[in-house]
Every structure is written in C-alpha cells, then in structure tokens.
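Asks:
Numbering (our numbering), first residue to last: 123 to 294.
1. Comparing alpha-carbon positions, which option in 237, 246, 275 and 282 lies nearest residue 165?
2. What separation, rounded to the nearest whole angstrom, lies between the Cα atoms of residue 195 and residue 155?
3. Would you tell me roughly how many angstroms separate the C-alpha atoms of residue 228 and residue 293, rounded to the nearest one?
4. Nearest to residue 199 by CA position, among 182, 130 and 179, is which residue?
5. Candidates 208, 146, 180 and 136: which alpha carbon is nearest residue 224's?
6. Residues bridged to residue 246 by DSSP?
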C-alpha cells in the first residue's frame, strides 16, 4: 500500500532473490497474488540454473515455476513473465534467440493451459539473460519474445538507451 501511486510494476522471483534470500516458488506465488490484489503489475521471473540447464531440465524447472507462481489465481491481469536463464546472467554466455524463443513459447503453452489459449497468446513475456545492445535485437525479433528485462546493461545510460532504441526498431 505504501508504494501505491509511486510504482506500477514489481519484479518478483528474480534469480538473485531466489539465490540470496531463499525465495521459493510458493513465496513467489504469494507475492504475485499480493501484488495483483494491491494494483501492482508483477513481472514474475522464471528460469533454470546452470546445473539444471546442463541436465536438460529447462522445461521441467520453468514449467514448475510458472505453474507454482500462477497457482490459485482466477486471472492474471497485466502480469508479465520474464524468462531469466540464471546460467546466462553475468556470464557473458546468453542463450541464443532461438533457444529463448522456444522456452518462451513453452511458457505461453503453460499459461494457455492454465488460463485459456487467448491468455497464453497475449501474455507479455520478456527475455532477461544478459541482454546487451549487441544482442538485444536477436532476442526481441523472435516471434514469442515481447521485450527484454535488462539487468546490468541498464546501469549505463548510453547502453540502456541503445537497448531501448534497438528494441523499438525491432518491434516497429
């Protein structure tokens, strides 16, 4: 309530919250519900760690996180999902656009199963794994990817402006 009128969106389930503060899928679900109840739009982050990625568990982990995060909701309003492959963050080893597109398409299918295909088709899903001015076009030009959740590159104004410019060009 204290942030009402000051912010519109809140990032929940971010990899750093999960890693350093122990946020679980269940806690993320409670936070998503609370945000929606208080008029905030959640950006719910989902994504697998390196060991899970290398074990071929991307679909299993991400599906579990999406289902858990959205469980108990009658609707999702303007909720945004960000696919954040943890193994790609800060490593200089981002996913390929095609790989991110495949996972985000799978996320759409999970949401569609839970809330209907129209919701699955229309939900905004972003890619958030080491986005830079040099690679943003590869991601945002993919058909399933609606935008980017920018981390470290957003701390440098010139870099962030270039990401915004290239995203606008790719989505025009």
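C-beta: ideal position from N, C-alpha, C; glycine also.
Replies: If we stick to the structure as given:
1. Here the question's residue 165 lines up with position 43 in the chain shown. Per the Cα distances, 246.
2. Along the chain shown, one-based indexing puts residue 195 at 73. Along the chain shown, one-based indexing puts residue 155 at 33. Approximately 7 Å, taken between the alpha carbons.
3. By one-based count along the chain shown, residue 228 stands at place 106. By one-based count along the chain shown, residue 293 stands at place 171. Rounded to the nearest whole angstrom, the CA to CA distance from residue 228 to residue 293 is 21 Å.
4. In the chain shown, the residue the question calls residue 199 occupies position 77. Residue 199 has its Cα closest to that of 130, out of 182, 130 and 179.
5. On the chain shown, residue 224 is found 102 positions in, with the first residue counted as 1. Among 208, 146, 180 and 136, the Cα nearest to that of residue 224 belongs to 180.
6. On the chain shown, residue 246 is found 124 positions in, with the first residue counted as 1. Residue 246 pairs with 202.
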